[in-house]
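There are 2 protein chains.
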Amino acid sequence: MVDKNTKDWSGCPVRFGMSQFGDKWSFLIIRDLMFKGRKHYHDFAEAGEGISTNVLATRLADLESNGIISKLRDPLKGSRFIYALTQKGKELMPMMLAMMDWAEKYDADTEVPQEFIKKLRNNPDKLKQEILGNLPK
Amino acid sequence: MVDKNTKDWSGCPVRFGMSQFGDKWSFLIIRDLMFKGRKHYHDFAEAGEGISTNVLATRLADLESNGIISKLRDPLKGSRFIYALTQKGKELMPMMLAMMDWAEKYDADTEVPQEFIKKLRNNPDKLKQEILGNLPK
DNA sequence: AAATAACACTTGTAAATATAAAGCGAATTT
DNA sequence: AAATTCGCTTTATATTTACAAGTGTTATTT
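Next up, the structure:
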């Protein structure tokens, strides 16, 4: 017997996560929406990591069909759309913050502002609320 | 200005995470090591998700070279190896637990034992220590 | 000691996915 | 009305992954 707490899950939560957002580009899009204030197609396309446009289009469509992001016409400019995290998407924040905490510890080059890290380690819930407050809607 | 807490990171922690374990198979291997008591090559190969052997070999090598897992001869059977999480790997647990918490909420089919979920939401640190205590070494 | 089996890969080939660049239609700007 | 912006979509090529079979090393059996 391995671990009485976990046993052998058939409907595995990690596998579910992977099926919903389990690739590099999805993570980076979620990061852009959650922490960088990006919301337009070209924001993601030109974010520096160099996603190709067809991959971006399919990732946005997948995230939308999984209910993690929403897509609405931009009222300020009808030729473009505004992408935003849904409630389901916003609730990925604890996972993202945990990843960032880990990365800051193990990557000497990770440039997370010290103030951010301090908040993250002292009072993560407060930080989470602050970031949520800055998100659209 | 978008968010004074995040600004524009060049050494992005999410990107770092993706470079270290940022694909579906790496997540599933980490899950197997962290929660399922798996430690041998064939455990991963036959875990049910159907990873092909060459991909498994390269993922194990990558995770090892990134310092997330270790690889040692099995003293009980010299023809095989024991894979285990390093300290760096074990510290991915908060991220994994956060993902599982989210998945349990949004996937009706996710079969995480209720006892596990209750512990996770009431006292995650205690749960974490329990799981750590069950891990090798 | 030799043959067999178990184990962890490695290789070859086909299929799927990613990248890069160009093209397209609708909406806006000029 | 013409030109431009925007969000894709398509196409061609490159890379990655999947699947099947094979290889080398280490146990185990005979």
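First to last, the sequence lines map onto chains A and B.
Remember, the working numbering sits 11 above the position in the first sequence when you count from 1.
Remember, the working numbering sits 11 above the position in the second sequence when you count from 1.
Backbone N, C-alpha and C define an ideal beta-carbon position, used for all residues, glycine too.
Item to check | C-alpha gap between P105 of chain B and Q140 of chain B, whole angstroms | outcome: By one-based count along the second sequence, residue 105 of chain B stands at place 94. By one-based count along the second sequence, residue 140 of chain B stands at place 129. Computed Cα separation, rounded: 11 Å.
Checklist entry - Does DSSP put M12 of chain A in a helix, a strand or coil? => result Start at 1 with the first residue of the first sequence, and residue 12 of chain A comes out as number 1. Here M12 of chain A scores only 35 on pLDDT, less than 50, and its place in the model should not be relied on; the value that follows carries that caveat. It is coil, neither helix nor strand.
Checklist entry - Looking at the unbroken beta strand (DSSP E) that takes in D85 of chain A, where does it start and where does it end? => result For the purposes of this step, residue 85 of chain A is identified with residue 74 of the first sequence, where counting begins at 1. First-last of the beta strand (DSSP E) with D85 of chain A: 80-85.
Checklist entry - Which of the residues in the region 66-100 of chain A, read from start to end, lie with their CB under 7 Å from any CB of chain B? => result K99
Next on the checklist: Tell me the DSSP secondary structure of G100 of chain B in three-state form.
Outcome noted: Counted from its first residue, the second sequence places residue 100 of chain B at position 89. Helix at G100 of chain B.
Next on the checklist: Quick check on R49 of chain B: does DSSP put it in helix, strand or coil?
Outcome noted: For the purposes of this step, residue 49 of chain B is taken as residue 38 along the second sequence, with counting starting at 1. Here R49 of chain B sits in coil by DSSP.
Checklist entry - Residues of chain A with a CB under 7 Å from the CB of R42 of chain B: which are they? => result Within the second sequence, numbered from 1, the residue matching residue 42 of chain B stands at position 31. What R42 of chain B touches in chain A: V25.
Checklist entry - Quick one: what's got a C-beta closer than 6 Å to S63 of chain A's C-beta in the same chain, skipping five residues either side? => result Position 52 of the first sequence, counted from the start, is the residue given in the question as residue 63 of chain A. Result list for S63 of chain A: empty, nothing under 6 Å.
Item to check | Of the residues A:A109, A:M110, A:N65, A:L44, the one placed nearest I79 of chain A, counting alpha carbons only | outcome: What you label residue 79 of chain A is simply residue 68 of the first sequence in a count that begins at 1. Nearest C-alpha to I79 of chain A: A:L44.
Item to check | Assigned secondary structure, R70 of chain B (DSSP; H/G/I helix, E/B strand, else coil) | outcome: One-based indexing of the second sequence puts residue 70 of chain B at position 59. Note: R70 of chain B maps to helix in three-state DSSP.
Checklist entry - If we ignore side chains and look at the alpha-carbon of each, how far apart do Q125 of chain B and E102 of chain A end up? => result The residue labelled residue 125 of chain B in the question sits at position 114 within the second sequence. The residue labelled residue 102 of chain A in the question sits at position 91 within the first sequence. Their backbone Cα atoms lie some 20 Å apart in a straight line.
Next on the checklist: Quick check: is the beta carbon of F38 of chain A nearer than 8 Å to any beta carbon in chain B?
Outcome noted: Residue 38 of chain A sits at position 27 when you count from the first residue of the first sequence. Yes, its Cβ sits closer than 8 Å to a Cβ of chain B.
Checklist entry - Buried or exposed: where does L87 of chain A fall if 16 or more other Cβ atoms within 10 Å of its Cβ makes it buried? => result Along the first sequence, one-based indexing puts residue 87 of chain A at 76. The residue is exposed, with fewer than 16 neighbouring Cβ atoms inside 10 Å.
Checklist entry - First and last residue of the alpha helix (DSSP H) that includes R26 of chain A? => result Walking along the first sequence from the start, residue 26 of chain A turns up at place 15. Element bounds for R26 of chain A: 24-32.
Item to check | 6 Å Cβ shell around D112 of chain B - same chain, five flanking residues per side excluded | outcome: Your numbering for residue 112 of chain B matches position 101 in the second sequence. Same-chain partners within the cutoff: L131.
Next on the checklist: If contact is defined by three or more beta carbon pairs under 8 Å, each pair taking one atom from either stretch, is the region 23-42 of chain B in contact with the region 20-40 of chain A?
Outcome noted: yes
Checklist entry - At what residues does the alpha helix (DSSP H) containing D136 of chain A begin and finish? => result As a first step, residue 136 of chain A is located in the first sequence; it is residue number 125 there, counting from the start. Counting along the chain, the alpha helix (DSSP H) containing D136 of chain A begins and ends at 135-145.
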